[in-house]
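Scroll down for the structure; my scribbles are underneath it.
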Amino acid sequence: MRQLLDQQPASSATSEMTYDAVVIGAGPYGLSIAAHLLHHGLRVAIFGKPLQLWRDYMPDGMWLRSEWWASSLSDPTGKGSIKAFFREIGYMPGEPLPIELFIRYGLWFQEQLVPEIQETFITDIEQQDGQFLLTRDDGGKLSSRVVIMAHGLHYYTYQPEAFQKFSPELVSHASTHKQFTRFQDKEVAVIGGGQSALETAALAQECGARVHLISRRPLTWIKGETPDDTFLHRILHPRAGINSDWVSWTLEKLPYAFYKLPKSLKATVTSRLYGPMGSSWLRPRVQNKATIHEAQPIVDMHETDRGIELRLSSGKQLTVEHIILGTGYRCDLRKVPMLNNALLSRIRTYEQAPLLSPFFESSVPNLYFVGFSSVLGAGPLYRFVLGADATARRVTAHVVRQFQKIGKGQHS
(Lines of atoms letter the chains of each structure in order from A and count residues from 1; the text may use other names and numbers.)
(Lines give C-alpha, C1' and ligand atoms only; values in the text may rest on other atoms or scores of the structure.)
Protein backbone atom coordinates (compact mmCIF):
# COMPACT_ATOMS: atom_id res chain seq x y z
CA MET A 1 0.00 0.00 0.00
CA ARG A 2 2.87 2.37 0.79
CA GLN A 3 6.54 2.27 1.50
CA LEU A 4 7.43 1.38 5.07
CA LEU A 5 8.65 4.57 6.70
CA ASP A 6 11.54 5.03 9.08
CA GLN A 7 10.43 4.32 12.65
CA GLN A 8 13.49 5.20 14.66
CA PRO A 9 12.59 6.84 17.99
CA ALA A 10 12.74 10.60 18.34
CA SER A 11 16.19 11.98 19.04
CA SER A 12 14.94 14.26 21.79
CA ALA A 13 12.44 13.77 24.57
CA THR A 14 10.39 16.73 23.41
CA SER A 15 10.33 15.93 19.67
CA GLU A 16 7.05 14.74 18.18
CA MET A 17 6.80 11.92 15.68
CA THR A 18 3.78 10.84 13.66
CA TYR A 19 2.75 7.25 13.00
CA ASP A 20 -0.06 5.48 11.20
CA ALA A 21 -0.62 3.17 14.16
CA VAL A 22 0.65 2.85 17.72
CA VAL A 23 0.42 -0.49 19.51
CA ILE A 24 0.53 -0.28 23.31
CA GLY A 25 1.78 -3.53 24.74
CA ALA A 26 4.36 -6.02 23.43
CA GLY A 27 2.79 -9.30 24.49
CA PRO A 28 1.44 -11.98 22.11
CA TYR A 29 -1.42 -9.78 20.86
CA GLY A 30 0.61 -6.59 20.47
CA LEU A 31 3.46 -8.34 18.68
CA SER A 32 1.09 -10.22 16.38
CA ILE A 33 -0.85 -7.11 15.38
CA ALA A 34 2.36 -5.14 14.85
CA ALA A 35 3.73 -7.90 12.60
CA HIS A 36 0.60 -7.77 10.44
CA LEU A 37 0.51 -3.97 10.22
CA LEU A 38 4.21 -3.77 9.35
CA HIS A 39 3.69 -6.36 6.62
CA HIS A 40 1.20 -3.96 5.00
CA GLY A 41 3.71 -1.12 4.99
CA LEU A 42 2.18 1.00 7.73
CA ARG A 43 4.35 3.18 9.91
CA VAL A 44 3.98 1.49 13.28
CA ALA A 45 5.33 2.18 16.77
CA ILE A 46 5.02 -0.47 19.46
CA PHE A 47 5.58 0.40 23.11
CA GLY A 48 6.35 -1.86 26.04
CA LYS A 49 8.77 -4.50 27.26
CA PRO A 50 8.46 -7.64 25.11
CA LEU A 51 6.54 -10.40 26.90
CA GLN A 52 6.59 -8.36 30.13
CA LEU A 53 3.63 -10.08 31.78
CA TRP A 54 5.14 -13.49 31.09
CA ARG A 55 8.66 -12.49 32.14
CA ASP A 56 7.86 -10.45 35.25
CA TYR A 57 4.44 -11.53 36.56
CA MET A 58 4.17 -15.26 35.96
CA PRO A 59 5.94 -17.79 38.18
CA ASP A 60 9.09 -19.67 37.31
CA GLY A 61 8.26 -23.29 36.57
CA MET A 62 4.80 -22.50 35.23
CA TRP A 63 3.41 -24.53 32.33
CA LEU A 64 0.95 -23.12 29.81
CA ARG A 65 -2.61 -24.35 30.03
CA SER A 66 -2.98 -24.15 26.23
CA GLU A 67 -1.60 -26.91 24.02
CA TRP A 68 1.79 -26.04 22.50
CA TRP A 69 0.34 -26.08 18.98
CA ALA A 70 -2.27 -23.53 20.08
CA SER A 71 0.35 -21.10 21.41
CA SER A 72 1.64 -19.48 18.23
CA LEU A 73 1.87 -15.75 17.74
CA SER A 74 0.63 -14.59 14.35
CA ASP A 75 2.29 -13.13 11.29
CA PRO A 76 1.03 -13.06 7.69
CA THR A 77 3.76 -15.34 6.34
CA GLY A 78 3.70 -18.04 8.99
CA LYS A 79 7.48 -17.74 9.38
CA GLY A 80 7.01 -16.81 13.03
CA SER A 81 5.00 -19.85 14.08
CA ILE A 82 5.96 -21.85 17.13
CA LYS A 83 6.55 -24.82 14.84
CA ALA A 84 9.13 -22.78 12.90
CA PHE A 85 10.82 -21.83 16.17
CA PHE A 86 10.98 -25.44 17.34
CA ARG A 87 12.46 -26.48 13.99
CA GLU A 88 15.12 -23.78 14.30
CA ILE A 89 16.22 -24.81 17.79
CA GLY A 90 15.82 -28.54 17.14
CA TYR A 91 13.22 -29.03 19.85
CA MET A 92 10.72 -31.88 19.82
CA PRO A 93 7.58 -30.41 21.45
CA GLY A 94 5.87 -32.20 24.27
CA GLU A 95 3.01 -31.20 26.49
CA PRO A 96 2.61 -29.09 28.49
CA LEU A 97 4.71 -26.13 27.30
CA PRO A 98 7.08 -24.62 29.91
CA ILE A 99 6.79 -20.86 30.31
CA GLU A 100 10.55 -20.41 29.90
CA LEU A 101 10.38 -21.95 26.43
CA PHE A 102 7.34 -19.87 25.47
CA ILE A 103 9.18 -16.69 26.51
CA ARG A 104 12.15 -17.72 24.35
CA TYR A 105 9.77 -18.24 21.46
CA GLY A 106 8.06 -14.86 21.97
CA LEU A 107 11.39 -13.02 22.05
CA TRP A 108 12.53 -14.88 18.92
CA PHE A 109 9.29 -13.85 17.17
CA GLN A 110 9.85 -10.24 18.20
CA GLU A 111 13.45 -10.19 16.96
CA GLN A 112 12.43 -11.72 13.64
CA LEU A 113 9.26 -9.77 12.86
CA VAL A 114 8.98 -6.70 15.11
CA PRO A 115 12.61 -5.72 15.67
CA GLU A 116 11.99 -2.07 16.55
CA ILE A 117 10.28 -1.77 19.93
CA GLN A 118 10.33 1.30 22.14
CA GLU A 119 10.72 0.03 25.69
CA THR A 120 9.30 3.20 27.14
CA PHE A 121 5.70 3.41 28.28
CA ILE A 122 2.80 5.60 27.32
CA THR A 123 1.45 7.68 30.22
CA ASP A 124 -1.35 9.64 28.53
CA ILE A 125 -3.56 9.47 25.44
CA GLU A 126 -5.82 12.19 24.09
CA GLN A 127 -7.53 12.69 20.75
CA GLN A 128 -7.74 15.92 18.77
CA ASP A 129 -9.04 16.40 15.24
CA GLY A 130 -8.89 12.71 14.39
CA GLN A 131 -5.33 12.25 15.68
CA PHE A 132 -4.25 10.67 18.94
CA LEU A 133 -1.64 12.57 20.92
CA LEU A 134 0.42 10.33 23.18
CA THR A 135 2.90 11.13 25.94
CA ARG A 136 5.76 8.79 26.85
CA ASP A 137 7.08 8.29 30.36
CA ASP A 138 10.27 10.12 29.35
CA GLY A 139 8.23 13.20 28.38
CA GLY A 140 8.41 12.54 24.64
CA LYS A 141 5.37 13.19 22.45
CA LEU A 142 4.02 11.41 19.39
CA SER A 143 0.85 11.31 17.34
CA SER A 144 -0.97 8.57 15.48
CA ARG A 145 -4.18 8.10 13.58
CA VAL A 146 -4.76 4.66 15.16
CA VAL A 147 -4.10 3.36 18.68
CA ILE A 148 -4.36 -0.34 19.54
CA MET A 149 -4.54 -1.15 23.24
CA ALA A 150 -2.84 -4.52 23.71
CA HIS A 151 -1.84 -3.92 27.33
CA GLY A 152 -2.74 -7.41 28.55
CA LEU A 153 -3.76 -8.45 32.06
CA HIS A 154 -1.47 -6.54 34.37
CA TYR A 155 -3.85 -3.68 35.20
CA TYR A 156 -6.78 -6.04 35.75
CA THR A 157 -5.71 -8.09 38.76
CA TYR A 158 -8.78 -8.88 40.83
CA GLN A 159 -8.67 -8.77 44.61
CA PRO A 160 -12.08 -9.35 46.22
CA GLU A 161 -13.12 -6.58 48.58
CA ALA A 162 -13.11 -8.81 51.64
CA PHE A 163 -9.32 -9.22 51.36
CA GLN A 164 -8.48 -5.57 50.79
CA LYS A 165 -8.42 -4.73 54.52
CA PHE A 166 -5.25 -6.82 55.03
CA SER A 167 -1.69 -5.65 54.41
CA PRO A 168 0.40 -7.02 51.49
CA GLU A 169 2.48 -8.88 54.07
CA LEU A 170 -0.57 -11.03 54.80
CA VAL A 171 -2.46 -11.09 51.47
CA SER A 172 -1.07 -10.96 47.94
CA HIS A 173 -2.19 -11.70 44.40
CA ALA A 174 -0.68 -14.71 42.66
CA SER A 175 0.72 -12.46 39.91
CA THR A 176 3.13 -10.83 42.39
CA HIS A 177 5.10 -14.04 42.91
CA LYS A 178 7.85 -15.26 40.61
CA GLN A 179 8.94 -17.85 43.17
CA PHE A 180 7.45 -19.34 46.33
CA THR A 181 10.56 -20.22 48.34
CA ARG A 182 9.70 -17.53 50.90
CA PHE A 183 6.75 -19.69 51.99
CA GLN A 184 8.79 -22.76 52.89
CA ASP A 185 7.51 -24.32 56.14
CA LYS A 186 4.68 -21.78 56.34
CA GLU A 187 0.92 -22.25 56.42
CA VAL A 188 -0.45 -20.69 53.24
CA ALA A 189 -3.99 -20.46 51.90
CA VAL A 190 -4.49 -20.24 48.14
CA ILE A 191 -7.90 -18.88 47.18
CA GLY A 192 -9.56 -19.93 43.93
CA GLY A 193 -10.32 -22.91 41.73
CA GLY A 194 -8.93 -21.91 38.33
CA GLN A 195 -5.61 -22.61 36.63
CA SER A 196 -3.81 -19.78 38.42
CA ALA A 197 -4.89 -20.91 41.89
CA LEU A 198 -4.26 -24.59 41.23
CA GLU A 199 -0.79 -24.04 39.78
CA THR A 200 0.08 -21.61 42.58
CA ALA A 201 -0.93 -24.27 45.09
CA ALA A 202 1.22 -26.85 43.30
CA LEU A 203 4.29 -24.62 43.03
CA ALA A 204 4.01 -23.38 46.63
CA GLN A 205 3.74 -26.85 48.14
CA GLU A 206 6.61 -28.03 45.93
CA CYS A 207 8.67 -25.24 47.56
CA GLY A 208 7.87 -26.61 50.99
CA ALA A 209 4.77 -24.60 51.96
CA ARG A 210 1.88 -26.24 53.80
CA VAL A 211 -0.88 -25.28 51.42
CA HIS A 212 -4.62 -25.01 51.98
CA LEU A 213 -6.51 -24.65 48.69
CA ILE A 214 -9.89 -23.01 49.27
CA SER A 215 -12.52 -22.81 46.53
CA ARG A 216 -16.11 -21.59 46.45
CA ARG A 217 -17.18 -24.29 43.97
CA PRO A 218 -16.25 -27.92 43.29
CA LEU A 219 -12.96 -28.18 41.40
CA THR A 220 -13.20 -28.86 37.68
CA TRP A 221 -10.41 -30.55 35.75
CA ILE A 222 -9.85 -30.45 32.00
CA LYS A 223 -9.69 -33.99 30.67
CA GLY A 224 -6.45 -34.53 28.81
CA GLU A 225 -6.05 -36.84 25.85
CA THR A 226 -4.89 -40.40 26.53
CA PRO A 227 -3.88 -43.23 24.18
CA ASP A 228 -6.85 -45.20 25.53
CA ASP A 229 -9.47 -42.69 24.32
CA THR A 230 -12.00 -44.46 22.11
CA PHE A 231 -12.98 -43.31 18.63
CA LEU A 232 -16.40 -42.30 20.00
CA HIS A 233 -14.78 -40.27 22.76
CA ARG A 234 -12.69 -38.39 20.22
CA ILE A 235 -15.78 -37.65 18.14
CA LEU A 236 -17.62 -36.33 21.19
CA HIS A 237 -14.56 -34.41 22.42
CA PRO A 238 -12.75 -32.99 19.36
CA ARG A 239 -9.23 -31.71 19.89
CA ALA A 240 -9.19 -27.94 20.37
CA GLY A 241 -6.68 -25.48 21.76
CA ILE A 242 -8.72 -24.31 24.76
CA ASN A 243 -10.59 -27.45 25.74
CA SER A 244 -11.58 -30.68 24.00
CA ASP A 245 -15.26 -30.09 23.30
CA TRP A 246 -17.43 -28.97 20.40
CA VAL A 247 -18.00 -25.45 21.75
CA SER A 248 -14.26 -24.81 22.02
CA TRP A 249 -13.68 -26.36 18.60
CA THR A 250 -16.37 -24.10 17.11
CA LEU A 251 -14.95 -20.96 18.75
CA GLU A 252 -11.54 -21.84 17.36
CA LYS A 253 -12.75 -22.54 13.81
CA LEU A 254 -15.29 -19.67 13.76
CA PRO A 255 -13.48 -17.09 15.91
CA TYR A 256 -15.85 -14.21 15.17
CA ALA A 257 -19.13 -16.08 15.70
CA PHE A 258 -19.35 -15.47 19.46
CA TYR A 259 -19.62 -11.71 18.88
CA LYS A 260 -23.07 -12.15 17.27
CA LEU A 261 -24.62 -13.96 20.25
CA PRO A 262 -27.02 -12.13 22.61
CA LYS A 263 -25.40 -10.80 25.80
CA SER A 264 -27.33 -13.23 28.00
CA LEU A 265 -26.17 -16.24 25.99
CA LYS A 266 -22.59 -14.93 25.96
CA ALA A 267 -22.61 -14.77 29.74
CA THR A 268 -24.04 -18.30 30.01
CA VAL A 269 -21.49 -19.81 27.64
CA THR A 270 -18.58 -18.05 29.32
CA SER A 271 -19.55 -18.84 32.92
CA ARG A 272 -20.75 -22.42 32.45
CA LEU A 273 -18.23 -23.68 29.94
CA TYR A 274 -15.23 -21.48 30.70
CA GLY A 275 -15.43 -20.97 34.43
CA PRO A 276 -12.55 -21.86 36.76
CA MET A 277 -10.86 -25.13 35.83
CA GLY A 278 -7.45 -26.72 35.88
CA SER A 279 -5.35 -28.73 33.46
CA SER A 280 -5.32 -32.48 33.91
CA TRP A 281 -1.55 -32.54 34.50
CA LEU A 282 -2.01 -30.31 37.57
CA ARG A 283 -4.30 -32.76 39.32
CA PRO A 284 -1.64 -35.17 40.68
CA ARG A 285 0.47 -32.20 41.80
CA VAL A 286 -2.37 -30.82 43.93
CA GLN A 287 -4.53 -33.70 45.11
CA ASN A 288 -3.10 -35.48 48.16
CA LYS A 289 -0.38 -32.83 48.27
CA ALA A 290 -2.24 -29.67 49.31
CA THR A 291 -5.10 -29.72 51.82
CA ILE A 292 -8.16 -29.07 49.66
CA HIS A 293 -11.22 -27.29 51.05
CA GLU A 294 -13.45 -27.73 48.01
CA ALA A 295 -16.74 -25.85 47.71
CA GLN A 296 -16.16 -24.26 51.12
CA PRO A 297 -16.20 -20.47 50.74
CA ILE A 298 -14.78 -18.29 53.49
CA VAL A 299 -17.52 -16.82 55.68
CA ASP A 300 -15.34 -14.91 58.14
CA MET A 301 -11.70 -13.94 58.60
CA HIS A 302 -9.72 -11.69 60.88
CA GLU A 303 -6.12 -10.90 61.66
CA THR A 304 -4.42 -12.47 64.69
CA ASP A 305 -0.88 -12.37 66.03
CA ARG A 306 -0.22 -15.62 64.10
CA GLY A 307 -1.58 -14.44 60.76
CA ILE A 308 -5.18 -14.65 59.52
CA GLU A 309 -7.83 -16.87 61.05
CA LEU A 310 -10.37 -18.20 58.55
CA ARG A 311 -13.78 -19.75 59.09
CA LEU A 312 -15.20 -21.74 56.19
CA SER A 313 -18.83 -22.44 55.30
CA SER A 314 -18.35 -26.01 56.54
CA GLY A 315 -17.60 -24.63 60.01
CA LYS A 316 -13.93 -25.54 59.74
CA GLN A 317 -11.46 -23.01 61.17
CA LEU A 318 -7.81 -22.60 60.27
CA THR A 319 -5.04 -20.08 60.77
CA VAL A 320 -2.61 -19.27 57.97
CA GLU A 321 0.45 -17.06 57.81
CA HIS A 322 -0.28 -15.79 54.32
CA ILE A 323 -3.09 -15.78 51.74
CA ILE A 324 -2.36 -15.91 48.01
CA LEU A 325 -5.25 -14.86 45.80
CA GLY A 326 -5.61 -16.97 42.69
CA THR A 327 -8.71 -14.93 41.90
CA GLY A 328 -7.66 -13.99 38.39
CA TYR A 329 -8.45 -10.83 36.50
CA ARG A 330 -11.43 -8.62 35.71
CA CYS A 331 -11.46 -6.06 32.94
CA ASP A 332 -11.88 -2.51 34.27
CA LEU A 333 -10.80 0.30 31.96
CA ARG A 334 -10.69 2.69 34.92
CA LYS A 335 -7.50 0.91 36.03
CA VAL A 336 -5.63 1.55 32.76
CA PRO A 337 -3.48 4.57 33.69
CA MET A 338 -2.90 6.07 30.23
CA LEU A 339 -6.65 6.39 29.58
CA ASN A 340 -7.43 9.81 31.04
CA ASN A 341 -10.91 10.82 32.18
CA ALA A 342 -11.66 12.78 29.03
CA LEU A 343 -10.98 9.75 26.84
CA LEU A 344 -12.64 7.29 29.23
CA SER A 345 -15.84 9.31 29.16
CA ARG A 346 -16.11 8.68 25.41
CA ILE A 347 -15.57 4.91 25.57
CA ARG A 348 -18.85 3.04 25.87
CA THR A 349 -18.56 0.19 28.35
CA TYR A 350 -20.49 -2.71 29.82
CA GLU A 351 -19.41 -3.85 33.29
CA GLN A 352 -16.32 -1.65 32.87
CA ALA A 353 -15.22 -3.52 29.71
CA PRO A 354 -15.21 -1.69 26.36
CA LEU A 355 -18.10 -2.25 23.96
CA LEU A 356 -16.41 -3.10 20.70
CA SER A 357 -17.32 -3.42 17.04
CA PRO A 358 -16.78 -6.74 15.22
CA PHE A 359 -13.35 -5.31 14.34
CA PHE A 360 -12.37 -4.68 18.00
CA GLU A 361 -12.85 -0.92 17.60
CA SER A 362 -14.27 1.02 20.55
CA SER A 363 -16.83 3.83 20.43
CA VAL A 364 -13.87 6.20 20.02
CA PRO A 365 -13.00 5.96 16.31
CA ASN A 366 -9.64 4.30 15.60
CA LEU A 367 -9.13 3.22 19.22
CA TYR A 368 -9.01 -0.59 19.46
CA PHE A 369 -8.92 -2.96 22.43
CA VAL A 370 -7.64 -6.51 22.06
CA GLY A 371 -6.86 -9.54 24.17
CA PHE A 372 -8.43 -9.79 27.61
CA SER A 373 -10.14 -6.41 27.19
CA SER A 374 -12.21 -7.91 24.35
CA VAL A 375 -13.33 -11.14 26.05
CA LEU A 376 -16.73 -9.90 27.24
CA GLY A 377 -17.90 -9.13 23.73
CA ALA A 378 -15.70 -11.25 21.47
CA GLY A 379 -15.54 -14.42 23.55
CA PRO A 380 -13.32 -16.60 25.75
CA LEU A 381 -11.01 -17.48 22.84
CA TYR A 382 -9.38 -14.09 23.40
CA ARG A 383 -8.22 -14.96 26.90
CA PHE A 384 -5.62 -17.16 25.28
CA VAL A 385 -2.66 -16.75 22.91
CA LEU A 386 -4.73 -18.78 20.46
CA GLY A 387 -6.94 -15.74 19.84
CA ALA A 388 -4.05 -13.55 18.65
CA ASP A 389 -4.23 -14.72 15.03
CA ALA A 390 -7.94 -13.98 14.57
CA THR A 391 -7.52 -10.61 16.29
CA ALA A 392 -4.49 -9.55 14.28
CA ARG A 393 -6.10 -10.43 10.96
CA ARG A 394 -9.37 -8.64 11.68
CA VAL A 395 -7.87 -5.49 13.23
CA THR A 396 -5.31 -5.22 10.45
CA ALA A 397 -7.91 -5.65 7.72
CA HIS A 398 -10.03 -2.88 9.25
CA VAL A 399 -7.10 -0.48 9.72
CA VAL A 400 -5.71 -1.11 6.22
CA ARG A 401 -9.11 -0.47 4.62
CA GLN A 402 -9.27 2.91 6.35
CA PHE A 403 -5.88 3.95 4.99
CA GLN A 404 -6.85 2.73 1.52
CA LYS A 405 -9.94 4.94 1.66
CA ILE A 406 -7.81 7.90 2.72
CA GLY A 407 -5.45 7.23 -0.18
CA LYS A 408 -8.30 7.04 -2.67
CA GLY A 409 -9.82 10.25 -1.30
CA GLN A 410 -6.55 12.08 -1.71
CA HIS A 411 -6.32 11.04 -5.36
CA SER A 412 -9.98 11.48 -6.35
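Going by full-length UniProt numbering, the first residue of the sequence shown is number 1, and it counts up by one from there.
Built from N, CA and C at the ideal position, the CB exists for glycine as well.
| Asked | Found |
| --- | --- |
| So, at 8 Å on beta carbons, what are the nonlocal neighbours of Ile122 in its own chain, with the 5 sequence-adjacent residues on each side left out? | Val22, Ile24, Phe47, Leu134, Thr135, Arg136, Asp137, Met338 |
| Does the distance from the C-beta atom of Ala353 to that of Leu376 stay below 8 Å? | yes |
| So, for Gly106: in the same chain, excluding its five sequence neighbours on each side, which residues have a beta-carbon less than 6 Å away from its beta-carbon? | Leu51 |
| I'd like to confirm the pairing. Which residues does DSSP put opposite Leu134 in its beta bridges? | Ile125, Leu142 |
| By the 10 Å Cβ neighbour count, where 16 or more other Cβ atoms means buried, how is Trp63 classified, buried or exposed? | buried |
| Among the candidates Leu355, Glu187, Leu251, whose CA atom is the shortest distance from the CA of Thr291? | Glu187 |
| If you draw a straight line from the C-alpha of Pro255 to the C-alpha of Arg393, how long is it? | 11 Å |
| Just how far apart, CA to CA, sit Pro28 and Phe369? | 14 Å |
| Mind checking whether Ser374 and Leu355 have CB atoms under 8 Å apart? | no |
| Closest to Tyr350 by CA distance: which of Val364, Glu361, Asp332, Ala342 is it? | Asp332 |
| To which residues does DSSP link Arg311 through a beta bridge? | Asp300, Gln317 |
| Taking the CB atoms as reference points, tell me whether Gly328 and Ala150 lie closer together than 8 Å. | no |
| Report the rounded CA-to-CA distance for Lys83 versus Pro76, giving the unit in angstroms. | 15 Å |
| So, does the stretch 286–300 touch the stretch 197–213, judging by three or more C-beta pairs under 8 Å? | yes |
| Determine the DSSP secondary structure at His173, reduced to helix, strand or coil. | strand |
| Mind checking Ala267: buried by the 16 CB within 10 Å criterion, or exposed? | exposed |
| Ignore the nearest five residues each way along the sequence and tell me which others in Thr18's own chain have a CB closer than 6 Å to its CB. | Ser143 |
| Quick one: what's Gly278 bridged to in DSSP? | Trp221 |
| Less than 8 Å between the beta carbons of Ile308 and Phe132, yes or no? | no |
| Using a Cβ distance threshold of 8 Å, determine whether the stretch 108–123 contacts the stretch 33–47, with at least three qualifying pairs required. | yes |
| Skipping 5 residues on each side, what residues in its chain have a beta carbon closer than 7 Å to that of Arg383? | Phe372, Val375 |
| Between the C-alpha atoms of Arg210 and Ala295, what's the straight-line distance to the nearest angstrom? | 20 Å |
| In the structure shown, what three-state DSSP assignment does Pro358 receive? | coil |
| When the Cα atoms are used, what is the spatial distance from Ala204 to Glu303? | 22 Å |
| Hey, which unbroken runs of the beta strand (DSSP E) at 3 residues or more fall wholly within the stretch 14–56? | 16–24, 44–47 |
| What is the DSSP secondary structure of Val190, counted as helix, strand or coil? | strand |
| Between which residues of its own chain and Tyr158 is the CB-CB distance below 6 Å, once the five residues before and five after are set aside? | Thr327, Gly328, Tyr329, Arg330 |
| Considering only their Cβ atoms, is the gap separating Ile148 from Val395 smaller than 8 Å? | yes |
| Have a look at Trp246, Phe180, Leu318 and flag the residue whose alpha-carbon is nearest the alpha-carbon of Ser235. | It is worth fixing the name first, because residue 235 is Ile in this sequence and not Ser. Measuring from the Cα of Ile235, the nearest candidate turns out to be Trp246. |
| Just how far apart, CA to CA, sit Arg306 and Asp185? | 14 Å |
| So within the stretch 65–110, which uninterrupted alpha helix (DSSP H) runs reach at least 4 residues, ignoring any that extend past its ends? | 82–89 |
| Quick check: what's the CA-CA separation for Arg2 versus Lys141? | Because the pLDDT of Arg2 is 37, which lies under 50, any placement of that residue in the model is unreliable, and the question is left without a value. |
| Using a threshold of 8 Å, state whether the C-beta atoms of Gln127 and Val364 are closer than that. | yes |
| Name the residue from Asp20, Arg104, His36 whose alpha carbon lies nearest to the alpha carbon of Ala397. | His36 |
| Take Ser314 and list the residues in its own chain whose beta-carbon comes closer than 7 Å to its own, dropping the five residues that flank it on each side. | Gln296 |
| Considering only C-alpha positions, which residue in the set Ile214, Gly80, Thr120, Thr220 is nearest to Met277? | Thr220 |
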